[in-house]
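Take a look at the structure set out below.
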Amino acid sequence: MADTTAQPQSSTPAASAAPQAGGLKLSQRQLERVMPWLVVFGLFAIWELTVRVFDFPQFILPAPSVIFEAMWQWRVPIIDNAAQTAFTTVIGFGIAIVFGLITGILIGSSSLVYNGFYPVLIGFNSIPKVAVVPILVIWFGIGTVPAIITAFLISFFPILVNVATGIATVEQELKDVLRALGASKRDIIIKVGIPRSLPYFFASLKIAITVAFVGSIIAETVASNKGIGHLMIQASSRFEVPLVFAGLLVTAIMGVAMYVVANFVERRMTGWATRSQGDPGSQT
Amino acid sequence: MSGGFVELEDVSLRYGGEETGTLALSGANLKVDKGEFIAVVGPSGCGKSTLMKAMSGLWPVTSGGVRVAGHYVDGPLSMVGMAFQAATLLPWRSTLDNVMLPLEIAQPYRSQLSSRKEEFREKARGLLKLVGLEGFDDKFPWQLSGGMQQRVSLCRALIHEPELLMLDEPFAALDMFTREELWGVLQNVWMTKKPTVILVTHDLREAVYLADKVYVMSARPGRMIHERDIEFARPRELDITFRPDFGAIAQDLRDHIYTARAEPAKAA
Ligand SMILES: Nc1ncnc2c1ncn2[C@@H]1O[C@H](COP(=O)(O)OP(=O)(O)O)[C@@H](O)[C@H]1O
Ligand SMILES: [Mg+2]
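These protein sequences, in sequence, are chains A and B. Just so you know, my numbering puts 370 at position 34 of the first sequence, and the rest follows in order with no gaps. Just so you know, my numbering puts 435 at position 37 of the second sequence, and the rest follows in order with no gaps.
Have a look at this one:
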């Protein structure tokens, strides 16, 4: 079972040994690595060409070259506001981790708590968070706090659900083995439930950090005087469309960066989970 | 009856409610002596696993009594070793740490763990050697074959020296050669440690080869409908499973199971 995600380390020597044969030929792995850059570059090229050929006005669709120019020109406010967004995202996300872990463990450990709270949580999760922001503004005023809370509200759910699932799905037979040794419920959760839910937890961080970021930006666009969302709203009200697009681009880059970090953490922390997915009986 | 290490008296067990629930056991009687190796065979779904749950106190019986070592069972026994068809090892722990798991839970080992750690680890290594896994301490479950995982699972069931070992179809998922190999391992373990063993299986050769006594269960709701002593001298070699007298015993048990399967309309 050659699972590509399972052997990130071993791939490097194999890939560097391969090209001896062809000189210019790229190995499959190298191709996979450069592909995202090719796609991004290609999209920008098509975009640039389209805008030039059809001569779109700048306030409808600015060309990438114009956007990059705007990015450079406004680099100081962009960095400043991006830092604010990163800050609210990380704080909200951090609270979501703590809250999500604790409630996830509680909910996963007891079918009573699970049955009681799950419908409420589902209901809560289906409320669009943008509708909550005005209430947060009434409570906390415009600024950093609503953004942090929105980031938190939107991102704790995936963490909670994943942790709860990991704990709730411990095999009955394993529970029996432990209970027949005199294990308490707590013993089972600590020895098996929590370690077992860690891969689920780390997998959920990828999703959670991305949505926390989205939450921050939503709040900023509605009720803030700082942040990348605020910057875009300001720019669009002044019809500085290239700056709006520059904001979008920065948002996308930050989103990818956060995902990459979360993905890296996941791989480092729970290598055993990806490896044990292989068929255990296959080596007999 | 008296003197048995494990005794079931007229045990019934119903899952779920009075009317709608499943009656899994009804009028089950059983007596196992200390140090005895018994096997329970029966058609699928007849309540063999349920019998295990009743004996170990993991599931309360609906009526009747279960006694282990002279005490009535009214909650999970705390010193039973169990192994199932799935090895259910913890993938984040090494082989040795998987075997050590019960010592982190069962008393008195639990409170002695920090002071006697090295001694316990030595013991775990000794067990791994006994089942033929010497030198695999640091391997992780995903690095082991199915048969090896089941050996580790067996060690985990034995590390705290339980007086009672309950095995629920432990070899059912293995290929025939691995299974026969593990029969030898289990017989060896039993002859060395002399625990009381209750082995649930649907493999008649396995039951006759390993056990001192084989019980046949009826179709659901399960009870014992036949028992048979197996007198072959130990240690038993695999060859005996191909002898005519061995075959005759297996055939006889098989007939009882087929009768049991034809019977349920009457019993339910
Ligand atoms: N936890 C449970 N809840 C309800 N019914 C169960 C449960 N476990 C087993 N049963 C039912 O009890 C009967 C006996 O099951 P089991 O003891 O597992 O049989 P066996 O191990 O002999 O195949 C089956 O009909 C099964 O569906
Ligand atoms: Mg069963």
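From the three backbone atoms N, C-alpha and C, an ideal C-beta is built for every residue, glycine too.
Scanning the stretch 483-520 of chain A for uninterrupted alpha helix (DSSP H) segments of 4 residues or longer gives 508-515, listed from N- to C-terminal end. DSSP places SER410/B within a strand segment (E or B) once states are collapsed to three. Taking the Cβ of LYS451/B as the reference point, every heavy atom of ligand 2 lies at 7 Å or farther away. Cβ contact annotation for ARG577/B (same chain, cutoff 6 Å, sequence separation greater than five): PHE569, in chain order. Here the stretch 429-436 of chain B makes contact with the stretch 592-599 of chain B; the two share three or more CB pairs at distances below 8 Å.
Looking at the backbone, the Cα of SER410/B and that of LEU423/B are separated by about 5 Å.
Residue pairing by DSSP puts ASP627/B in a beta bridge opposite LYS611/B. Each of GLU405/B, PRO441/B and THR418/B was checked against the Cα of SER454/B, and the nearest Cα belongs to GLU405/B. Nearest CB-CB separation between PHE482/B and chain A: below the 8 Å threshold. For ASP566/B, the uninterrupted beta strand (DSSP E) run begins and ends at 562-566, by DSSP.
For the C-beta of LYS527/A, the chain B residues within less than 9 Å are, from N- to C-terminus, LEU488, LEU499, GLU502 and ILE503. Straight across, the Cα-Cα distance linking PHE476/A with ALA485/B is about 54 Å. Distance from the CA atom of THR386/A to the CA atom of ILE525/A, rounded to whole angstroms, is 58 Å. Looking at the backbone, the Cα of ALA598/A and that of ALA544/A are separated by about 9 Å. Around the beta carbon of GLN649/B, fewer than 16 other beta carbons lie within 10 angstroms, which makes this residue exposed.
In chain order, LEU517 and GLY518 make up the part of chain A whose C-beta sits under 7 Å from the C-beta of SER476/B.
Across the set PRO474/B, GLY414/B, THR420/B and VAL478/B, the C-alpha of THR420/B shows the shortest separation from the C-alpha of PRO619/B. At least 8 Å separates the CB of LEU437/A from every CB of chain B. Using a Cβ-Cβ cut-off of 7 Å, LEU456/B is close to ASP512, ARG515 and ALA516 of chain A, given in chain order. Relative to ligand 2, the beta carbon of ASP566/B is positioned inside 7 Å of a heavy atom. If you check the C-beta of GLY415/B against ligand 1, you find no heavy atom less than 7 Å away. The beta-carbon distance between ILE628/B and ALA609/B, rounded to whole angstroms, is 6 Å. This is short enough to meet the 8 Å contact definition.
For ALA539/A, there is no enclosing beta strand (DSSP E); the residue is found in the alpha helix (DSSP H) stretching over 530-558.
At least one CB of chain A lies nearer than 8 Å to the CB of HIS558/B. With its beta carbon less than 8 Å from one in chain B, GLU507/A belongs to the interface.
Straight-line measurement puts the Cα of GLY436/A at about 57 Å from the Cα of GLU635/B. In terms of Cβ geometry, SER447/B and ASP566/B form a close pair [threshold 8 Å]. SER447/A places its beta carbon 8 Å or farther from that of LYS521/A. Contact annotation: the stretch 481-495 of chain B touches the stretch 543-554 of chain B, with at least three C-beta pairs closer than 8 Å. Nearest CB-CB separation between PRO413/A and chain B: not below the 8 Å threshold.
CA-CA distance, LEU517/A to VAL466/A, rounds to 50 Å.
Between ASP416/A and chain B, the shortest Cβ-Cβ separation is not below 8 Å. Using a CB distance cut-off of 8 Å, PRO398/A does not count as an interface residue toward chain B.
Taking a beta-carbon distance threshold of 8 Å, PRO372/A does not count as an interface residue toward chain B.
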